[in-house]
Amino acid sequence: MAEGAGDIDMTLTVDVKMRGGETLCVSKQRLTENSSTFRYLINELCQEELLMDDFDPETVTLFLTILEDNVIERIEDNVMERIEDRHFRELHKLSVVFYVEWLSMECKKWLVERMNWQSGTPADYNTELFLFEECLFICKRWKNDSLMKKFIAGRWRGDNCVFISQYMEEYDNLKPLQLKFLLRLAGRNSKVFLEILAEQVSNRKFLDDNSRFLLKNMNLK
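Each residue of the sequence shown is one higher than the one before, starting from 830 at the first, in the numbering used here.
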């Protein structure tokens, strides 16, 4: 799959240039079988070199390995043998940018499984933060809120006040989309927002944009 030039028939391979100057020699067939974008670049444009220097090199290597193996390992006994949290965003971006549709679907399935696995355990802020932020990124970048809906649906019956309160510590940096999803996550429980609003008004003596947004959209019934 990804290896040095050596004695490889270079007519059957393409060089993948990564950040930092590292080059991987990759099978053209493996790339073109998995991606319409690679088929166009390699078969139509006859490119012998592909630039992937906008992505994390470790994740590019993982991406190419997965194309070779055509599989992502499932979560078993809390051990993720192939994809880790730190890989997810870049791996999903690679699958979307290069139109590897099956991998994009597998990435989304992995994230849903990660949500389901976490929802059955005591809440861990860092894990919940990762899941929320990845769903938020996909919503903003790809205009797709289906994963965020799944995240919220799996948690709305629980007490999410601790997560919401901690997430909103960076109050001034929050955007309307984040607030909208936090409101949905809270459901009918507006207490945490009222407490935050009271603190903000007390400190500022006026209503900022985020406070106005919350007052306008909170469920006060």
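Beta carbons are placed, not taken as given, at the ideal position from N, Cα and C, and that holds for glycine.
Note that this is a predicted model, so its numbers are computed, not measured.
Item, Value
"Closest by C-alpha distance to V941, when choosing among L893, D974, Y928", "D974"
"Rounded separation between T842 and W931 - CA only", "22 Å"
"Coil, strand or helix - V929 by DSSP", "coil"
"Extent of the continuous alpha helix (DSSP H) to which D1038 belongs", "1038-1046"
"Anticipated Cβ contact below 8 Å, F1022 with M977, distance rounded", "With 8 Å as the limit, F1022 and M977 do not qualify as a contact, their Cβ atoms being about 19 Å apart."
"Among G987, G849, F892, the one whose alpha carbon lies nearest that of V926", "F892"
"Residue burial classification, Q858 (beta-carbon count within 10 angstroms, cutoff 16)", "exposed"
"Cβ distance (whole Å) where F980 is taken to contact F966 below 8 Å", "Between F966 and F980 the Cβ distance is about 12 Å, and since that is not below 8 Å, they are no contact."
"Per-residue burial, Q1029 [other beta carbons within 10 Å of its own, 16 or more giving buried]", "buried"
"Near the ligand HEM: S1040 beta-carbon under 7 Å from a heavy atom", "Inclusion of the ligand HEM in the displayed structure is not the case, the ligand content being empty and no account of it being possible."
"The alpha helix (DSSP H) enclosing K1009, as first and last residue numbers", "1005-1015"
"Three-state secondary structure (DSSP) of C936", "helix"
"Three-state class that DSSP yields for C875 in the structure shown", "coil"
"Rounded Cβ spacing between M1047 and L1012 (contact assumed at less than 8 Å)", "7 Å"
"Assigned exposure category for L1066 - 16 Cβ within 10 Å defines buried", "Past the edges of the chain, shown from 830 to 1050, lies residue 1066, and the structure says nothing about it."
"Bridge partner(s) assigned by DSSP for K846", "T852, L880"
"Reference Q1007; option with closest CA among S864, I1025, K969, T852", "K969"
"Contacting residues, own chain, Cβ-Cβ under 8 Å from E887 (five flanking each side not counted)", "H916"
"Coarse secondary structure for E963, derived from DSSP in three states", "helix"
"Contacts around L896, its chain only, beta-carbon distance under 6 Å, and the 5 residues preceding and following it disregarded", "R859, N863"
"DSSP three-state assignment for W985, whether helix, strand or coil", "coil"
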